[in-house]
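With positions in the sequence shown counted from 1, the corresponding number in this note's numbering is that position plus 211.
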Amino acid sequence: MSTSILPVTVAGPPEQKHWSTGARPATSHPAGRPASPPADLGEQAQPPSVPGGSRRAASSGRAVLALPAEISWVPVVRHCVRAVLAQWRFPADDRESAELIVTELAANAAQHGRREMTVRLTLHPGVLRISVTDSGATARPPRPRGTNLGEHGRGLSIVGFLAHEVRVHQWPLGRRVDVVLRPSAPEPVPVGV
């Protein structure tokens, strides 16, 4: 089984594209804070290509996305994950679940986490592993518990409902949430393709 990093081509300055092998996000703000994405960056990301141009569903693959842990980057994360899973021909219904899981975890990392977040997707036969890590020095003071729970606090519950396994690992300078999603069935290949 071979896996590869699938790059996503993103329009914009080099410091604003971070689909990579885990390189740290660049900063362009004088105070060292990461730059915000352009408004249309998520729409400009191009899906990666599977080596060999195969139209079959991928049985294995790996992709890593490293970005600033800011809420403005969450739509970019979702779009990139959608592009990778579509390229891997991950089943459409399960793809929506995976997108929602990643969106919730990235939003949590941006709202409650550290300065940087890394999203990892690893596809093996019959299983998609999703990992979202936030790390670095705290970018903002923590929100007091019990604040506005009517609008917040449901992310891990949603993830737990959609996923087959969820594990949270915490350490002084970060957190990682690992999720396992087992697809229902491979996406059919269109006739004549």
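Note that beta-carbon positions come from the ideal geometry of N, C-alpha and C, so glycine has one too.
With a cutoff of 9 Å on beta-carbon distance, Thr329 and Leu278 are scored as near each other. Taking 9 Å as the cut-off, the beta carbon of Cys291 is found no closer than this to the beta carbon of Leu311. Taking C-alpha positions only, Val288 is separated from Gln322 by approximately 14 Å. Taken through DSSP and simplified to helix, strand or coil, Ser270 comes out as coil. Between the beta-carbon of Arg386 and that of Val379 there is about 7 Å, and that keeps the pair under the 8 Å contact cut. Here Arg331 has Val275 and Ser342 as same chain residues with Cβ atoms under 6 Å from its own Cβ, once five neighbours each way along the sequence are excluded. By the neighbour-count criterion, in which a residue is buried when 16 or more other Cβ atoms sit within 10 angstroms of its Cβ, Val338 is exposed. Rounded to whole angstroms, Ser283 and Glu315 show a C-alpha spacing of 13 Å. Look at the segment 277-337 and you find these whole runs of beta strand (DSSP E), each 3 residues long or longer: 325-335. Inter-residue distance for Pro336 and Glu327 is about 30 Å (C-alpha atoms, whole angstroms). In the three-state DSSP reduction, Ser368 falls in the helix class (H, G or I). One Cα belongs to Gly366, the other to Val390, and the distance between them is close to 13 Å. With a cutoff of 9 Å on beta-carbon distance, Ser395 and Asp304 are scored as near each other. Residue pairing of His380 in beta bridges, as defined by DSSP: Arg387.
Under the DSSP definition of a beta bridge, Ser342 partners with Arg331 and Asp389. Cβ neighbours of Asn319 within its own chain (closer than 6 Å, five residues either side excluded): Gly366.
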